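Working notes, beginning with the structure itself.
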Amino acid sequence: MTYIILHALAPIFVIMLLGYYAGKAKMVVNSNVSLLNVFVMDFALPAALFSATVQTPWKGIISQSPLILLLVLSMWIAYAALYFICTLGFKKSPQDAAVLTLTVALPNYAALGLPILGSVLGESSATSLSVAVSIACGSVLMTPFCLLILEREKARASGESHGSTLMLLPLLMWRSVKKPIVWGPLLGVLLSACGVKMPEIILASIKPLGLSATASALFLTGVILSARKLKINAPVLLSCLTKNIIQPFITIGLLYAFGITGPVAVTAVLMIALSAGFFGIVFGNRFGVQSPDAEATLLISSILCIITLPLFITLSAGL
210 MTYIILHALA
220 PIFVIMLLGY
230 YAGKAKMVVN
240 SNVSLLNVFV
250 MDFALPAALF
260 SATVQTPWKG
270 IISQSPLILL
280 LVLSMWIAYA
290 ALYFICTLGF
300 KKSPQDAAVL
310 TLTVALPNYA
320 ALGLPILGSV
330 LGESSATSLS
340 VAVSIACGSV
350 LMTPFCLLIL
360 EREKARASGE
370 SHGSTLMLLP
380 LLMWRSVKKP
390 IVWGPLLGVL
400 LSACGVKMPE
410 IILASIKPLG
420 LSATASALFL
430 TGVILSARKL
440 KINAPVLLSC
450 LTKNIIQPFI
460 TIGLLYAFGI
470 TGPVAVTAVL
480 MIALSAGFFG
490 IVFGNRFGVQ
500 SPDAEATLLI
510 SSILCIITLP
520 LFITLSAGL
């Protein structure tokens, strides 16, 4: 099992290391990666998320309702708790806290979901569906929270905002929804719900973009890391503890609360037990928000996953 986990994590470290080297060697200007960020945020990731959601049968999504409930609650609880601790306890800015908490709350479904779940439950259409549903949950029901906060603070900084967040909510929601990273997967879900089958030529046309999404996002993350000096502090330690230990136990608690067992329970625990994802860092960079703590959390969480994931694989076997 350790070999399987290392095999799944290896591409993450290798691609980030390549990005880190490119930044350090000045092959890419690591202080200004706006062009690369536009490609990742507005083209590659939206294409990947749209393809994943539009090809997920609506009946399959409905059948995965218990999994959706568990994933969403686990992500929301971790996000809300850590966000308030970061802003009230550690006195972080809302932008920094939003980026850090999204990095923690949204696991790396895209890169690790299929290899880990497939190795435990076996590679099948049901496994692929569970991973696709997990990705859809994160992109449609998690990322807008971070975007709303980033848009709110951007509006306040530019002097556009003088009212309460509640008054600004319609404008902020519109600004978030119109971004490809949000409407891409949302459109895919809506088309799937309406029973619309995308022409094969369209899916084939955007497939190369989708295939490049994870790699380009990890490469961009490496470039961003090359411009920082990583530090381990209290927020980083708490974030890693939350991601690798507390959040999976939240999921286990929800399983007992709802009385859910079997493959759905195993899938939920394993998906949430994955290491921190890169979405928060990429989102933050697009808004000019630097979060060294989020970057450190991403690296340390990925390393700790080698130890913690086998623990939760063992615990999930009894569910």
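Residues in the sequence shown are numbered from 210 upward in steps of one, following the numbering used here.
Beta carbons: idealized from backbone N, C-alpha and C, even for Gly.
These figures come from a predicted structure and were not determined experimentally.
Residue i classed as buried or exposed, judged by whether at least 16 other C-beta atoms fall within 10 angstroms
{"i": "Ile-390", "result": "buried"}
{"i": "Cys-355", "result": "buried"}
{"i": "Leu-215", "result": "exposed"}
{"i": "Met-250", "result": "buried"}
{"i": "Ala-253", "result": "buried"}
{"i": "Phe-293", "result": "exposed"}
{"i": "Cys-514", "result": "buried"}
{"i": "Cys-403", "result": "exposed"}
{"i": "Ser-348", "result": "buried"}
{"i": "Gly-471", "result": "exposed"}
{"i": "Val-475", "result": "buried"}
{"i": "Pro-408", "result": "exposed"}
{"i": "Gly-298", "result": "exposed"}
{"i": "Met-480", "result": "buried"}
{"i": "Ala-426", "result": "buried"}
{"i": "Val-478", "result": "buried"}
{"i": "Glu-360", "result": "buried"}
{"i": "Ile-208", "result": "This structure leaves residue 208 out entirely; the chain is present only between 210 and 528."}
{"i": "Thr-265", "result": "buried"}
Rounded C-alpha distance that separates residue i from residue j
{"i": "Ile-344", "j": "Ala-319", "result": "7 Å"}
{"i": "Asn-239", "j": "Ile-271", "result": "43 Å"}
{"i": "Leu-399", "j": "Val-263", "result": "8 Å"}
{"i": "Ala-234", "j": "Ala-482", "result": "34 Å"}
{"i": "Lys-300", "j": "Lys-452", "result": "20 Å"}
{"i": "Val-498", "j": "Lys-388", "result": "17 Å"}
{"i": "Phe-521", "j": "Val-329", "result": "11 Å"}
{"i": "Ile-411", "j": "Leu-338", "result": "21 Å"}
{"i": "Pro-275", "j": "Val-242", "result": "40 Å"}
{"i": "Val-342", "j": "Pro-444", "result": "30 Å"}
{"i": "Ala-306", "j": "Ala-503", "result": "9 Å"}
{"i": "Leu-279", "j": "Leu-350", "result": "13 Å"}
{"i": "Ile-454", "j": "Ser-511", "result": "13 Å"}
{"i": "Thr-460", "j": "Met-236", "result": "43 Å"}
{"i": "Ile-441", "j": "Ala-485", "result": "16 Å"}
{"i": "Tyr-212", "j": "Pro-324", "result": "12 Å"}
{"i": "Ala-261", "j": "Gly-462", "result": "29 Å"}
{"i": "Leu-447", "j": "Ala-314", "result": "12 Å"}
{"i": "Ser-401", "j": "Glu-332", "result": "23 Å"}
{"i": "Gly-393", "j": "Val-386", "result": "9 Å"}
{"i": "Tyr-465", "j": "Phe-458", "result": "11 Å"}
{"i": "Thr-523", "j": "Phe-222", "result": "25 Å"}
{"i": "Ile-516", "j": "Trp-267", "result": "36 Å"}
{"i": "Thr-336", "j": "Leu-226", "result": "30 Å"}
{"i": "Thr-296", "j": "Glu-362", "result": "14 Å"}
Closest by C-alpha distance to residue i, when choosing among the options
{"i": "Pro-220", "options": "Ala-424, Gln-264, Val-405", "result": "Ala-424"}
{"i": "Gly-493", "options": "Thr-336, Ile-411, Thr-352", "result": "Thr-352"}
{"i": "Gly-228", "options": "Gly-431, Gly-298, Leu-507, Gln-456", "result": "Gly-431"}
{"i": "Ile-433", "options": "Gly-269, Cys-403, Ala-505, Arg-365", "result": "Ala-505"}
{"i": "Leu-218", "options": "Ser-337, Pro-316, Leu-321", "result": "Leu-321"}
{"i": "Gln-273", "options": "Leu-518, Ser-525, Val-473, Ile-490", "result": "Val-473"}
{"i": "Leu-245", "options": "Val-491, Leu-508, Leu-518", "result": "Val-491"}
{"i": "Ser-367", "options": "Thr-336, Ser-414, Leu-278, Phe-496", "result": "Phe-496"}
{"i": "Ala-188", "options": "Trp-267, Thr-211, Ser-500", "result": "Because the chain spans 210 through 528 in this model, residue 188 falls outside it and cannot be assessed."}
{"i": "Ile-509", "options": "Ser-525, Ala-231, Phe-487, Ala-413", "result": "Phe-487"}
{"i": "Leu-357", "options": "Trp-267, Phe-467, Gly-489", "result": "Gly-489"}
{"i": "Pro-439", "options": "Lys-406, Ala-413, Leu-507, Phe-428", "result": "Correcting the residue identity first, residue 439 is Leu in this sequence and not Pro. Closest by alpha carbon: Leu-507."}
{"i": "Ala-231", "options": "Phe-428, Ile-516, Ile-277, Ser-525", "result": "Phe-428"}
{"i": "Ile-277", "options": "Ala-364, Phe-222, Ala-526, Ile-469", "result": "Ile-469"}
{"i": "Asn-317", "options": "Leu-518, Ala-335, Val-405", "result": "Leu-518"}
{"i": "Phe-467", "options": "Phe-248, Pro-417, Ala-413, Ser-283", "result": "Ser-283"}
{"i": "Cys-346", "options": "Leu-450, Val-281, Gln-304, Leu-291", "result": "Val-281"}
{"i": "Leu-450", "options": "Leu-528, Ser-525, Lys-406, Leu-291", "result": "Leu-291"}
Query raised in the report: Enumerated in chain order, which unbroken segments of the alpha helix (DSSP H) with a length of 4 residues or greater are wholly contained in the region 233-287?
Result: 243-248, 254-263, 267-272
Query raised in the report: Is there contact between the region 248-264 and the region 413-432, where contact requires at least three CB pairs shorter than 8 Å?
Result: yes
**Report entry** Every unbroken alpha helix (DSSP H) within the region 382-456, with a cutoff of 4 residues, ordered by chain
**Finding:** 389-402, 409-435, 443-450
Report task. Entirely within the region 459-518 and at least 3 residues each: give me those beta strand (DSSP E) ranges in chain order. Result -> none
Query raised in the report: Using 8 Å as the Cβ pair cut-off and three pairs as the minimum, do the region 270-288 and the region 304-321 touch?
Result: yes
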